[in-house]
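Participant:
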Amino acid sequence: MTSTLVPAPADRTASARDTVAPRRRTRVMALPEARWAAAALVLFLIALPLQLTGAPAWSWGPLYALAYAAGGWEPGWAGLQALREKTLDVDLLMVVAALGAAAIGQVTDGALLIVIFATSGALEALATARTADSVRGLLDLAPATATRVHADGGEETVAVEELTVGDTVLVRPGERVGADGRVLDGAGDVDQATITGEPLPVAKEKGDEVFAGTLNGTGALRVRVERDASDSVIARIVRMVEEASETKAPTQLFIEKVEQRYSLGMVAATLAVFLVPLAFGAALTGSLLRAMTFMIVASPCAVVLATMPPLLSAIANAGRHGVLVKSAVVMERLGEVDAVALDKTGTLTEGTPRVTDVRPLTGSGLDEAELLTLAAAAEHPSEHPLARAVVDAARERGLDLPAADDFDSRPGVGVTATVDGRRIAVGAPARLLDGDGHPRSARSAVVAAELEDGGRTAVVVTLDGTPVGLLGIADRLRSDAVATVSALSSLTGTAPLLLTGDNPRAAARLAAEVGIEDVRAGLLPQDKVGAVKELEDAGRKVMVVGDGVNDAPALAAAHTGLAMGRAGSDLALETADAVIVRDELRTVPAVISLSRRARKLVVQNLIIAAVFITGLVVWDLAGTLPLPLGVAGHEGSTVIVGLNGLRLLREAAWRRAAE
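Using the numbering used here, the letters of the sequence shown correspond one by one to residues 210 to 868.
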């Protein structure tokens, strides 16, 4: 076991804060789409009460006109641009429908349609910007400068971009590694969770590989650069996230999949309804009124609302239970998942090491409380995660810790301190057990092997040079992990697989506990992406659940990505399609089930909308459909499908999904 070289600083919060990469977040109102949508919404909210209270038309009419202009010019322009590419999209169709509604006196309906579309576009722009922010922010993990060491021993600070393969850099305690390379000299603990997801710092010594952006906790390291900055693992993570986000097949809502045919058909039909009667001598006003009525009753408003309320209701219900689903498209995709890949540390486990075993040795004269007290007293000045786990375990048991003097730490070995006049050492069995033939040393080696075979990190405690006991430390499994894995297996028809950067032995132990057979351990970020693509090439729709920077490329590449929100990295949270805010793993199968119920309601609503639209269109074409009746029928279908979709807002809907 290793620890830090000096006692804990007085201000741990400030120290931790200094190691966190600065956030780069685009402000909402910095986006032009958001500004135009906000303007349209404000104008609409001012005009509506004026109209409803009977104010003269000149007071609210111009406000509605400005709302049309503010919210409609961008989608309208985008639609016109699409027309130049011989594509007719639903944005332009909605703008035309809104203008058509205004032309026959339905000004409020048209304005509301414009506001909804403008707001949707603003949310999409914000999501895109925030994802780009998080990718750029990842680059802040890698330091801007590094200390290059010359052959004569001289040092200079250079930009990391200036480092070349073969250079030697010095990484002091508390600094981030400036480049991918291999340790030439020195020893230290390196926190490389951002790359591999391992829950504990890894002891590094001569010959070991280190990665740019990882944090050196103890000891000075001299590292030979083996990759250019542009080819480092952290740079490749950035590229993988960007490429996966760009190349992921665009998933669309059901109505958008048929938007081209529907849009073209509606435009052609509207023109025909207007022009054919004119060709046979009908009056212009009557033909125009019939065409406008046709456009209103045939407009896709009811179809859009048939799709959105169930999905938005499911989003709202999931949000109340700690799952933030970022869009209706994501909610729809969740129901398509038929394979799940889970990260280990921070996802199936809590991500925090805890003492699981306290094993006094026979003949030591100590019980569990006394052994833990000695170990915690010696570890108390240290900031190492294993040391904090030992101290936390002692505090949970209500043990009083005596003061420790002459604290010392050696990277890769452990800590020593004087407690009540006796020398206590706590550290790695391989370093503290010298094989002197003492019976307790032999017994310690056996116990250490037992603990390590069980997937725990073994820590030996010696008293005046003689082993007196061992501690087992492990990352604790989440209480709902087993039930979650079982539920996911039932939902998808196959057990989830485990993708982790942790060592194979720890991964296999945890997988056996939760019932996972397909275990892939020791993976770097690109390996996780490869595993996801392998499944998707086989026709599976994969959901990835993770929390770290190392999970972000897989989250982006997957059909759907879920991030654990409480301890998740910024990049994972922004890249993922949904975030489990409260870190309750059991909500994963619940939100999949809720999505499937929403998709069933979408189908029901589409049938209802199709029946209404077909009936009204036939009436308008075969007879004379009065405009007020057409509007009433159109709005009535909208209300019905809307209310049907809102059923998923009820608490009972979540309970059924969770069951």
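The beta-carbon is built from N, C-alpha and C at its ideal position, and this holds for glycine as well. Bear in mind the structure is a predicted one, so any value in this text is a computation, not a measurement.
#1: Just verifying my parser: in three-state terms, what is the DSSP assignment at ASN425?
#2: For ALA312, which residues of its own chain have a beta-carbon under 7 Å away from its beta-carbon, when the five flanking residues on both sides are left out?
#3: Which same chain residues, not among the five before or five after ILE633, have their C-beta less than 8 Å away from its C-beta?
#4: Three Cβ pairs or more, each shorter than 8 Å: is that satisfied between the segment 648 to 659 and the segment 521 to 541?
#5: Distance, Cα to Cα, ASP394 vs LEU575?
#6: In three-state terms, what does DSSP make of GLU384?
#7: Give a yes or no on whether the C-beta atoms belonging to VAL434 and LEU372 are separated by under 7 Å.
#8: Could you say if the segment 792 to 804 and the segment 564 to 575 meet the contact criterion of at least three C-beta pairs nearer than 8 Å?
#9: Between which two residues does the beta strand (DSSP E) containing GLY636 stretch?
#10: Could you spell out the range, first to last residue, of the beta strand (DSSP E) harbouring MET238?
#11: How about PRO562 and ALA603: are their beta carbons less than 7 Å apart?
#12: Measuring CA to CA, which of GLY363, VAL358, PRO271 is closest to ALA870?
#13: Within this structure, are the beta carbons of GLY854 and LEU825 separated by less than 7 Å?
#14: What is the DSSP secondary structure of LEU732, reduced to helix, strand or coil?
#15: Using three-state DSSP, classify GLY891 as helix, strand or coil.
#16: DSSP three-state label for ARG859, please.
#17: Who pairs with LEU794 in a beta bridge, going by DSSP?
#18: Short of 7 Å in beta carbon distance, which residues of its chain neighbour ARG749, apart from the five on each side in sequence? Order them along the chain.
#19: Given a threshold of 16 other Cβ atoms within 10 Å of its Cβ, counted over all protein chains shown, does ALA453 qualify as buried or as exposed?
#20: With burial defined as no fewer than 16 other Cβ atoms inside 10 Å of the residue's Cβ, what is the status of ASP792: buried or exposed?
#21: Could you say which of GLU384, TRP282, LEU301, ALA279 lies nearest to GLY288 if we only look at CA atoms?
#22: Any idea if GLU283 is buried or exposed, counting beta-carbon neighbours within 10 angstroms, 16 or more meaning buried?
#23: In the DSSP assignment, find the unbroken alpha helix (DSSP H) run with LEU672 in it and report its ends.
#24: Which residue from THR675, GLY630, LEU744, ASP609 puts its Cα closest to that of PRO638?
#25: Any idea if HIS589 is buried or exposed, counting beta-carbon neighbours within 10 angstroms, 16 or more meaning buried?
#26: Given this structure, state the Cα-to-Cα distance separating ALA861 from VAL800, to the nearest angstrom.
#27: Provide the residue span of the beta strand (DSSP E) that contains ARG431, from first to last.
Facilitator: So, from the data block:
#1: When secondary structure is reduced to three states using DSSP, ASN425 falls in the strand class.
#2: For ALA312, where only same-chain residues beyond five positions count, the Cβ hits under 7 Å are MET501.
#3: Excluding positions up to five away in sequence, the list reads LEU583, ALA584, ALA586, ALA587, ALA613, THR625, ALA626, THR627, VAL670, THR671, LEU672.
#4: The segment 648 to 659 is not in contact with the segment 521 to 541.
#5: Approximately 40 Å, taken between the alpha carbons.
#6: Coil, per DSSP.
#7: Yes, the pair counts as a contact, with Cβ atoms nearer than the cut-off.
#8: The segment 792 to 804 vs the segment 564 to 575: no contact.
#9: For GLY636, the enclosing beta strand (DSSP E) has its first and last residue at 631 to 636.
#10: Annotation: MET238 is outside any beta strand (DSSP E) and is labelled neither H nor E by DSSP.
#11: No, they are not a contact pair.
#12: Residue 870 is absent from the model: the chain starts at 210 and stops at 868.
#13: With respect to the 7 Å criterion, GLY854 and LEU825 are not classified as neighbours on the basis of their beta carbons.
#14: In this structure, LEU732 counts as coil in the three-state DSSP scheme.
#15: As displayed, the chain neither begins before 210 nor continues past 868, which places residue 891 out of reach and without an answer.
#16: The answer is coil: DSSP assigns ARG859 none of H, G, I, E or B.
#17: LEU794 is not bridged by DSSP to any residue.
#18: Non-local beta-carbon contacts of ARG749 in its own chain, meaning distances under 7 Å to residues more than five positions away in sequence, involve ASP547, ALA548 in chain order.
#19: Unreliable positioning characterises ALA453 in this predicted model, as indicated by a pLDDT of 47, which lies under 50. A coordinate reading is not provided.
#20: By the 10 Å Cβ count, ASP792 comes out buried.
#21: Ranking the options by Cα distance to GLY288, first place goes to LEU301.
#22: Buried.
#23: Per DSSP, LEU672 lies in no alpha helix (DSSP H) segment; the continuous beta strand (DSSP E) that holds it begins and ends at 666 to 672.
#24: Of THR675, GLY630, LEU744, ASP609, the residue nearest in Cα terms is THR675.
#25: Buried, since its Cβ has 16 or more Cβ neighbours within 10 Å.
#26: Roughly 14 Å separates the two Cα atoms.
#27: Note, ARG431: beta strand (DSSP E), 430 to 434.
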